[in-house]
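Before any comments, here is the structure.
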Amino acid sequence: MQSVIFDWAGLAAIAALLARRRLSWRSAFGLEPRGFFRHLGLGLLFYLATMPFFWFYGAIYQLGLKRLGLDPTLQEVALAITAVESLGVRIYLITLAVVIAPVFEELLFRGILLPAAARQYGVGWGVILTSLAFAAIHLHLMSFAPLFLMAVAFALAYLYSESILVPVVMHGVFNAVNLGLLTMLRDAL
45 MQSVIFDWAG LAAIAALLAR RRLSWRSAFG LEPRGFFRHL GLGLLFYLAT MPFFWFYGAI
105 YQLGLKRLGL DPTLQEVALA ITAVESLGVR IYLITLAVVI APVFEELLFR GILLPAAARQ
165 YGVGWGVILT SLAFAAIHLH LMSFAPLFLM AVAFALAYLY SESILVPVVM HGVFNAVNLG
225 LLTMLRDAL
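So for the sequence shown, the numbering used here puts the first residue at 45; every next one is plus one.
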């Protein structure tokens, strides 16, 4: 139900906003058909370049949480997706996590909020503020710092490429890899 309310309704709201302002997806978010494969490749490349930093700082964050007496846990939504037995529901949830949520979240955070925050506070503060908001909406303290770092990487990739497709690909691959690892871990136990 959360996906219907948050992701699908959010995508519908963005589409309505674009229609009301008479903007195309192309002009609003840098979606150029001829640059599609280049942006896909950049998304994969930026994802791979980000991972060593993510793993390093994520490990430090997890160690810090343990030193504070907090036991790191996984996000409930990730556990729920990997625990679903129904194949149809599992396919829907994986599609939601790997395609729908990345598209909506990147359109919202990098495509709409980042440019607005950058105009208001400057690019650096815009990246920081929208990345903090992105990490906060996931409502999981144990993932806050790693999600913040990923959001910064998504924002920098968007600013560099000027195409929303690049952070969408990064986000989708990030979610797919994490779900795959969780599924393998669950199956191994």
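All C-beta atoms in this analysis are idealised placements derived from N, C-alpha and C, irrespective of residue type, glycine included.
As the structure is a computational prediction, the values presented were derived from the model and not from experiment.
Determine whether the beta carbon atoms of residue i and residue j lie at a separation below 8 Å.
| i | j | result |
| --- | --- | --- |
| Ala180 | Tyr105 | no |
| Gly155 | Ala72 | yes |
| Leu109 | Met186 | yes |
| Ser175 | Ala162 | no |
| Tyr165 | Leu152 | no |
| Phe178 | Leu193 | no |
| Leu61 | Trp69 | no |
| Ala122 | Leu223 | yes |
Can you look up residue i in the DSSP assignment and give me helix, strand or coil?
| i | result |
| --- | --- |
| Ala116 | Note that residue 116 corresponds to Pro in the displayed sequence, not to Ala. Coil at Pro116, not helix or strand. |
| Ser187 | helix |
| Leu151 | helix |
| Val171 | helix |
| Ile208 | coil |
| His182 | coil |
What's the gap between the Cα of residue i and the Cα of residue j?
| i | j | result |
| --- | --- | --- |
| Leu125 | Val142 | The sequence given here places Ile at residue 125; Leu does not occur at that position. So the alpha carbons of these two residues sit roughly 11 Å apart. |
| Val212 | Tyr91 | 10 Å |
| Arg65 | Asp231 | 48 Å |
| Ala127 | Leu88 | 28 Å |
| Ala103 | Pro96 | 11 Å |
| Val221 | Gln119 | 15 Å |
Regarding residue i and the ligand SAH, is the C-beta to nearest heavy atom distance less than 7 Å?
| i | result |
| --- | --- |
| Pro190 | Inclusion of the ligand SAH in the displayed structure is not the case, the ligand content being empty and no account of it being possible. |
Please classify residue i: is it buried, with 16 or more other beta-carbons within 10 angstroms of its beta-carbon, or exposed?
| i | result |
| --- | --- |
| Glu150 | buried |
| Leu183 | exposed |
| Gly168 | exposed |
Worksheet entry | Three CB pairs or more closer than 8 Å across the segment 110-122 and the segment 202-216 | no
Fill in: Any 3 or more C-beta pairs closer than 8 Å across the segment 215-224 and the segment 137-151
yes
Worksheet item: Are three or more beta carbon pairs between the segment 123-140 and the segment 190-200 nearer than 8 Å?
Response: no
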